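Engineer: The numbering of the sequence shown is the numbering used here, which starts it at 10 and goes up by one. Even glycine gets a Cβ: it sits at the ideal position worked out from N, Cα and C. Since the structure is predicted, the reported quantities are computational estimates derived from the model, not experimental observations. Sharing a structure below in structure tokens format, with a few things to ask.
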Amino acid sequence: MTDNLIQFEAGDVLANLEARTISGLLLPFNEEGRTNVGRFQVQASAVAIPADPAVVGLNIGHERSHPVGRAVKLEQRKGGIFATFQIAKTPEGDQALAAALNGTRRKLSAEFGPAFIKAGKLVAGHAKLWGAALVEAGAFPSAQVLAADTPDEEVPASDPYTSPEASSSSQYVTEFTDTDGVKWRRIEENTSTTTIEKVTETPESAPDEETPNESETEVTASAAGVQTPAIPQTVLASAPQTPATTTPRPVDLRQVFASIAAVKADPGDQENTQVLAALTDIKISGANALPTTDVLRPNWVGQMYDGIPYEREYINLGNLGTDISAAGKKGFKVKRGTTGSPIPSPAGIPNGGDWAGNKTEINSYNGFTQTAVSALRRFAVGHDIAREFYDLPGGAEVVEAFLKLVLEDHLYWSDMWALFDLQSAAGIPIAAGTYPTDYPAALGQLIQGILAVKARKADGRRDVPTFAIANDEAYAQLVYAAGGEQHLPAFVKIAISTNSSGTVDGDIQVVQGDTGITGSPSVIVGAKRAVEFDELAGGPLIVNALELAKGGIDRAVHGYLQTFPVRDEAVVIIGTAPNRANSTAYDRGDLLKRGSNTYRVVVAGTTAGSAPTEPAAGETVGDGTATLLRLA
């Protein structure tokens with residue numbers, strides 16, 4: 010059912026001339042009412058009552074252009090909604106009070122909506138009370154029923170019917186001060202009783218043969234030779250009662266639009282369906298469509314979602330800072346012995362440091378220094394952009410979205426070089442050990458790598474691991490690992506999630522990434538201080554320039570990454586490198602085996618159809634379009 014203003018007549022009113030109030034049952038519950046949209050019942054709480062009763066106005070005969078009062082009290086009781094209206098101090102208000110007192114208008118009729126009716130009852134949760142009318146006594150039973158699904162039902166005369174009686178009472182207490190300043194209290198008590206009686210009606214005589222068929226034309230009313238308007242869908246006592254005549258009427262736009270709305274709400278509405286069936290088809294596409302090419306415009310949504318922009322995952326595993334300069338970084342380490350005969354650890358000094366005393370010679374050894382320098386990598390991407398994108402509306406959004414891609418390119422570029430430097434620091438892979446069968450090999454590799462970083466090195470010193478990189482195969486094993494004391498190490502705290510990150514023992518960060526080994530599980534474990542990364546504070550530089558000769562605007566992004574290897578011994582890789590294959594594409598950082606030698610791809614490309622000659626350790630060799638560095 011479509012949204013309607015419902016006019017529902019209730020009970021008699023009680024008028025108080027001195028207080029200028031009218032009170033009564035505004036909307037009865039659980040009683041079938043004939044309304045302007047059909048027969049239905051209203052149950053308790055089906056119609057919402059406004060918090061402020063003043064919003065409910067009172068008019069005469071549902072003519073909202075004739076207001077006479079405003080509600081001062083609305084109360085939901087067992088029998089229905091009771092209301093008290095304050096009548097305006099106007100000539101119209103005086104007439105309304107007089108009509109209520111002399112019985113001319115003794116009924117209250119509620120105005121509410123929208124209405125959704127199901128199984129003869131008003132569906133709760135939609136209708137709101139917002140008005141009322143003072144109507145003539147006896148008007149409601151004779152109101153015209155317009156709803157298609159509420160015809161009169163014949164009730165056999167023999168059917169028994171018990172007449173329910175309802176009574177209600179109310180008391181209103183108000184205080185006022187007279188002209189002499191004396192305060193008075195007015196106590197008003199009202200009692201009303203409702204009795205339902207059976208009415209026996211005499212059937213009307215059959216219409217004359219000359220009476221036109223009502224189903225074919227619109228019914229209008231006339232009196233004394235004067236044309237009157239069509240009967241509205243209201244419950245007004247003034248509805249014409251003269252014999253009906255028929256007048257043909259063409260279909261107009263209002264009827265068409267009303268029929269469309271009615272059919273959408275009730276597809277089974279045959280009357281409105283017939284109205285629409287007689288119309289010419291107006292199609293949206295195909296032959297004889299109303300819109301031609303490019304008439305209907307799509308809804309422009311602008312830039313669409315294209316996944317999560319790249320976020321750096323590896324550069325922060327090292328010691329990231331902004332100590333970058335044109336000359337780079339350079340530092341030194343002091344070592345025992347000489348460059349030709351170094352002493353690797355304190356255990357190798359003469360006599361282990363023991364001295365006999367008693368004026369004998371003490372132990373002594375040489376020392377030397379090792380220096381390390383940083384490497385500088387440069388990033389630059391620029392474009393010559395037509396200045397129309399900036400001068401005219403409509404193009405700036407596209408250009409800015411494109412330039413954001415360039416900034417994303419810089420993030421990816423710096424992160425991939427940081428990963429390569431961490432892979433390079435890890436050196437030659439350490440073969441995986443033998444682990445308990447209760448948990449996957451990747452978990453064993455992770456623990457093995459952590460212990461290797463913490464172990465005392467050849468120089469007698471230890472390191473503290475802070476990160477681990479697990480390749481796809483290893484990370485999948487870690488995520489799928491069964492939990493519980495039976496399947497995990499008892500004293501190692503491991504928390505791995507599906508968001509490509511996790512922790513071990515609470516302070517070792519584990520990320521999913523490329524270790525250089527594919528096809529089998531592998532992990533890199535290292536200390537944050539092993540490699541230092543530096544870049545410009547605030548990110549890359551954005552340079553703009555005008556190209557006056559061609560009407561363009563040059564825009565470029567410049568970035569720099571400074572890598573300073575500090576302690577390669579603090580980074581290890583656990584796993585087995587795959588054998589080199591002919592005519593195979595490899596990425597930068599991949600590890601390959603050829604015989605007993607291990608190679609790292611330093612320039613991505615595709616290997617040749619046959620293996621190249623063996624270079625010396627630490628030297629590079631071309632292999633097809635790829636370049637390999639021999640590690641050992």
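1) So does the region 61-78 actually touch the region 88-104, counting three or more Cβ pairs closer than 8 Å?
2) Going by alpha carbons, who is nearest to R564 out of L555, Q571, T572 and L570?
3) K338 and Q571: beta carbons closer than 8 Å?
4) Report all residues from its chain with a CB closer than 6 Å to the CB of T634; omit the five preceding and five following residues, and keep chain order.
5) If you compare alpha carbons, which of L497, V56 and G102 is closest to G122?
6) Quick check on this structure: which residue in I31, T113 and S118 has the alpha carbon closest to the alpha carbon of E145?
7) Who are the near neighbours of F38 in its chain, counting only those whose CB is closer than 7 Å to its CB and skipping five residues on each side?
8) Going by beta-carbon coordinates alone, are V191 and A109 separated by less than 8 Å?
9) From the DSSP secondary-structure annotation, give me the bridge partner or partners of H71.
10) Buried or exposed: where does D516 fall if 16 or more other Cβ atoms within 10 Å of its Cβ makes it buried?
11) For Y484, does the three-state DSSP call read helix, strand or coil?
12) Is the region 443-458 touching the region 594-601, taking contact as three or more C-beta pairs under 8 Å?
13) In whole angstroms, what is the alpha-carbon distance linking A434 and G327?
14) What are the partner residues of D543, as DSSP defines its beta bridges?
15) Considering just the uninterrupted stretch of the beta strand (DSSP E) at P549, what are its terminal residues?
16) What does DSSP give as the partner residue(s) for G316 in the beta ladder?
17) Compute the beta-carbon to beta-carbon distance between V488 and T512, rounded to the nearest angstrom, for a pair I have assumed lies under 8 Å.
18) Run the CB neighbour count on T380, radius 10 Å, all protein chains shown included, and call it buried at 16 or more, exposed below.
19) Tell me whether D632 sits in a helix, a strand or coil according to DSSP, three-state version.
20) Please return the same chain residues whose Cβ sits closer than 8 Å to the Cβ of S529, not counting the five positions on each side in sequence.
21) Tell me the rounded alpha-carbon separation between S350 and Y374.
22) Please classify L460 as buried or exposed, where buried requires at least 16 neighbouring CB atoms within 10 angstroms.
23) May I ask you to report which of helix, strand or coil DSSP gives V462?
24) Please state whether DSSP places W656 in a helix, a strand or coil.
25) What did DSSP end up calling F38 once you bin it into helix, strand or coil?
26) Return the first residue and the last residue of the alpha helix (DSSP H) that F125 is part of.
27) Within the 8 Å Cβ cut-off, does E41 reach chain D?
28) Let's see if you can read the secondary structure: which residues bound the beta strand (DSSP E) around Q95?
29) Are the region 532-541 and the region 469-486 in contact at 8 Å, needing three or more beta carbon pairs?
30) If you pair each beta-carbon of the region 394-410 with each one of the region 353-360, do three or more pairs fall below 8 Å?
31) Alpha carbons only, please: which of L414, D290, A384 and Q518 is nearest the one belonging to P574?
32) For F341, which residues in the same chain have their Cβ closer than 7 Å to its Cβ, ignoring the five residues on either side in sequence?
33) Please tell me whether L143 and I58 are closer than 8 Å, where the distance is taken between their beta carbons.
34) Helix or strand or just coil, what does DSSP make of F377?
35) If you draw a straight line from the C-alpha of V618 to the C-alpha of N591, how long is it?
36) Let's see if you can read the secondary structure: which residues bound the alpha helix (DSSP H) around Q432?
Structural biologist: Taking the coordinates as given:
1) Short answer: they touch.
2) Shortest Cα-Cα distance from R564 to any of L555, Q571, T572 and L570 involves L555.
3) Yes, they are a contact pair.
4) These residues qualify, in order along the chain: G614 and T615.
5) Selection L497, V56 and G102 evaluated against G122 yields V56 as nearest (Cα-Cα).
6) In this structure, T113 is the residue among I31, T113 and S118 with its C-alpha nearest to the C-alpha of E145.
7) Same-chain partners within the cutoff: V51, Q52, A53, G88 and G89.
8) With respect to A109, V191 sits apart: the two C-beta atoms are not nearer than 8 Å.
9) The partner list for H71 (beta bridge, DSSP) is empty, contrary to what the question assumes.
10) Counting Cβ neighbours within 10 Å, D516 comes out exposed, since fewer than 16 surround it.
11) Here Y484 sits in helix by DSSP.
12) Segments in contact, no.
13) Cα-Cα distance, rounded: 11 Å.
14) Under DSSP, D543 shares a beta bridge with G330 and Q571.
15) Counting along the chain, P549 falls outside any beta strand (DSSP E), and DSSP gives it neither H nor E.
16) Partner(s): none; G316 has no beta bridge.
17) Going by Cβ atoms, the distance from V488 to T512 rounds to 14 Å, so no, they are not a contact pair.
18) Exposed is the call here.
19) Three-state DSSP puts D632 in a strand.
20) Excluding sequence neighbours, S529 sits near E482, G584, T585 and P587.
21) Rounded to the nearest angstrom, the two C-alpha atoms are 11 Å apart.
22) With fewer than 16 Cβ atoms within 10 Å of its Cβ, L460 is classed as exposed.
23) Three-state DSSP puts V462 in a helix.
24) Outside the shown range of the chain (10 to 641) lies residue 656, about which nothing can therefore be said.
25) Per DSSP, reduced to three states, the secondary structure at F38 is coil, with no helix or strand assignment.
26) DSSP places F125 in no alpha helix (DSSP H); its state is neither H nor E.
27) Given the protein chain composition of this structure (a single chain), no chain D is represented.
28) Looking at the DSSP string, the run of the beta strand (DSSP E) that includes Q95 is G89 to I96.
29) Inter-segment contact for the region 532-541 and the region 469-486 is present: three or more beta-carbon pairs are separated by less than 8 Å.
30) Taking 8 Å as the limit for Cβ pairs, the verdict is that the region 353-360 does not touch the region 394-410.
31) Minimum Cα distance to P574 is reached at A384.
32) Taken in chain order, the residues that qualify are T378, Q379 and T380.
33) Not in contact: L143 and I58 (Cβ atoms no closer than 8 Å).
34) F377 sits in a strand when the DSSP states are folded into three classes.
35) Per the sequence shown, the amino acid found at residue 618 is Gly instead of Val. Spanning the two alpha carbons is a distance of roughly 5 Å.
36) Residues A405 to A435.
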